[in-house]
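Note sheet for the following structure.
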Amino acid sequence: MVSQRCYGLGTARSVIRELFEYGNQRAREVGPDKVYDFSLGNPSVAPPREALDELERLIRESDPLQLHGYTSAQGDLAVRERLAASLAKRFGHGYGPDDLYLTVGAAAALCCVFHALTEAPGDEFLVFAPYFPEYKVFIEGAGAKAVILPPHVPDFQIDLAAVEAAITPRTKGVLINSPNNPAGVVYTPQTLQGLGELLRRKSEELGRPIFLISDEPYREIVYDGGLTPWAPDFYGDTIVCYSYSKSLSLPGERLGYVLVGPEVEHGREVYAAVAGAGRTLGYVNAPSLFQRVCAACDGYTADLSVYAANRALLTDGLGALGYDTSLPPAGTFYYFLPTLEPDDVAFCEKAKALDLLLVPGSGFGAPGYARISFCVPTRRVQDALAVFGELARQYGG
Ligand code: PLP
3 MVSQRCYGLG TARSVIRELF EYGNQRAREV GPDKVYDFSL GNPSVAPPRE
53 ALDELERLIR ESDPLQLHGY TSAQGDLAVR ERLAASLAKR FGHGYGPDDL
103 YLTVGAAAAL CCVFHALTEA PGDEFLVFAP YFPEYKVFIE GAGAKAVILP
153 PHVPDFQIDL AAVEAAITPR TKGVLINSPN NPAGVVYTPQ TLQGLGELLR
203 RKSEELGRPI FLISDEPYRE IVYDGGLTPW APDFYGDTIV CYSYSKSLSL
253 PGERLGYVLV GPEVEHGREV YAAVAGAGRT LGYVNAPSLF QRVCAACDGY
303 TADLSVYAAN RALLTDGLGA LGYDTSLPPA GTFYYFLPTL EPDDVAFCEK
353 AKALDLLLVP GSGFGAPGYA RISFCVPTRR VQDALAVFGE LARQYGG
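For the sequence shown, the working numbering begins at 3 and goes up steadily by one.
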């Protein structure tokens, strides 16, 4: 009667959502300050003042019919002009408005790209573990296959030999996510350089481009003065998927984009197919009001100092308790902590019994780790350290 695939997806909650709901229930039972919920990647700082001011100004000063009306399917032209100018100023490459397709967050951007690039069922996209679990849903939803490459431990950069071995005549694209959810790693210029060289060589062998799809919702959330290298600098056939959910703390407003730059081979065709995918999926016309807000605030960020403080507290506090904090996140608001036993699910269950909610790494394709989402009030991190201590003691720490 209904699609079994969709039914399955609609009735099964993700591990992360399951844990989050459990946390809400426990908070009602024992009180919110007794539950140390680090499950969800929901930004915990307010959007930047500039975004809120622009929102107020737009509502006050704009013609409401225009402000809340339909825009072009790919996004309002003036908005795309403004965004393209901002991106060209920040990254070069001479981006123009027709390179941008505005979407309902990065999720829709990715879905449009996978649909646009999949020509036949079983076409393949390479994905590096650890990975955002929805990737599989998005890729399979387009009728393609997600080929998961095992994590490159301990640094979570890219194992180029493994990529080379995994590329087949069916490979349509390689998906990267840097800064990475959940590992917090930022790919180095050397990693991207190596990947670019490899993809150029393999594309030549295949006689067509293998596209690099760069999912970058955490692009600006980096620490210690670091920068996220711009993937198109290293490989021309890069399609960038972006979201304002994390950088501007606007996840509920659903705004992002697909960028198909001038260096992308057959770029106009790819762009048209992305637009066609937007039609197929019913994603045309990203939210009109927030198109304008985000265009005015491209490159801005919410106050990241809370995340930086939480990250420092976790590094020092967990390190002092005997946890392995040798790879603190270079970006994002996730700590990917080696668990104190190989079975990360068992470890997270033990933590859960103490009302400490961590997501097992196996859900991201990387067993032996637990993800701590530290986009929470600093007080929660401070209070949770005692519980992390109790957990370590269960392992003889
Ligand atoms: N990609 C990654 C790596 C994410 O972590 C998320 C959200 O958590 C998304 C994409 C989807 O983001 P959006 O809210 O823009 O749809």
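Note that CB positions come from ideal geometry on N, CA and C, so glycine has one too. Fair warning: this is a prediction, and the values are worked out from it, not measured in the lab.
- Between L339 and A372, the beta carbon gap of about 5 angstroms places them in contact (Cβ cut-off 8 angstroms).
- Within 10 angstroms of the beta-carbon of I160 lie 16 or more other beta-carbons, which makes it buried.
- Here R381 carries a helix assignment [DSSP, helix/strand/coil].
- When the beta-carbon positions are compared, V361 and L21 come within less than 9 angstroms of each other.
- By the Cβ-count criterion, T170 is exposed, with fewer than 16 other Cβ atoms from all chains shown falling within 10 Å of its own Cβ.
- Between the ligand PLP and E20, a heavy atom-to-CB distance of less than 8 angstroms is absent.
- The Cβ neighbour count for K174, taken over all protein chains shown within 10 Å, is at least 16; the residue is labelled buried.
- For E126, the enclosing beta strand (DSSP E) covers residues E126 to F130.
- Assignment of Y225 by DSSP, reduced to helix, strand and coil, places it in the coil class.
- Apart from the 5 residues on each side of it in sequence, G228 sits with its Cβ closer than 8 angstroms to the Cβ of V188, A332 and G333 in its chain, given in chain order.
- An exposed status is given to V32, since fewer than 16 other beta-carbon atoms sit within 10 Å of its beta-carbon.
- Closer than 8 angstroms to some heavy atom of the ligand PLP: that does not describe the Cβ of D300.
- Within the chosen limit of 8 angstroms, the ligand PLP does not reach the beta carbon of S41 with any heavy atom.
- Inclusion of L250 and P49 in the CB contact set at 9 angstroms is warranted, their separation being smaller than that value.
- Here DSSP, grouped into helix, strand and coil, assigns K352 to helix.
- Here S64 is not near C377, since their CB atoms are 9 angstroms or more apart.
- At a cut-off of 4 residues, the continuous stretches assigned as alpha helix (DSSP H) that sit fully inside the region 267-353 are 269-283, 290-298 and 307-322.
- A heavy atom of the ligand PLP is found nearer than 8 angstroms to the CB of G258.
- For V17, the secondary structure class from DSSP, reduced to helix, strand or coil, is helix.
- In terms of CA proximity to E23, L42 leads the group A322, L42 and I150.
- With a 10 Å radius around the Cβ and a threshold of 16 neighbouring Cβ atoms, R294 comes out buried.
- In the assembly as shown, D125 is a buried residue. Its beta-carbon has 16 or more other beta-carbons within 10 Å.
- Judged by their CB atoms, D357 and R28 are nearer to each other than the 9 angstroms cut-off.
- With a 10 Å radius around the Cβ and a threshold of 16 neighbouring Cβ atoms, Q76 comes out buried.
- Separation of L194 and L67 (C-alpha to C-alpha, rounded to the nearest whole angstrom) is 45 angstroms.
- Here the alpha carbon of A111 sits roughly 20 angstroms from the alpha carbon of A87.
- Taking all protein chains in view, the Cβ of G280 is crowded by 16 or more other Cβ atoms within 10 Å, so the residue is classified as buried.
- Between G196 and L151 a beta carbon distance of about 14 angstroms is seen, past the 8 angstroms cut, so the two are scored as non-contacting.
- Looking from the CA of C8, the closest CA among D101, G145 and A80 belongs to G145.
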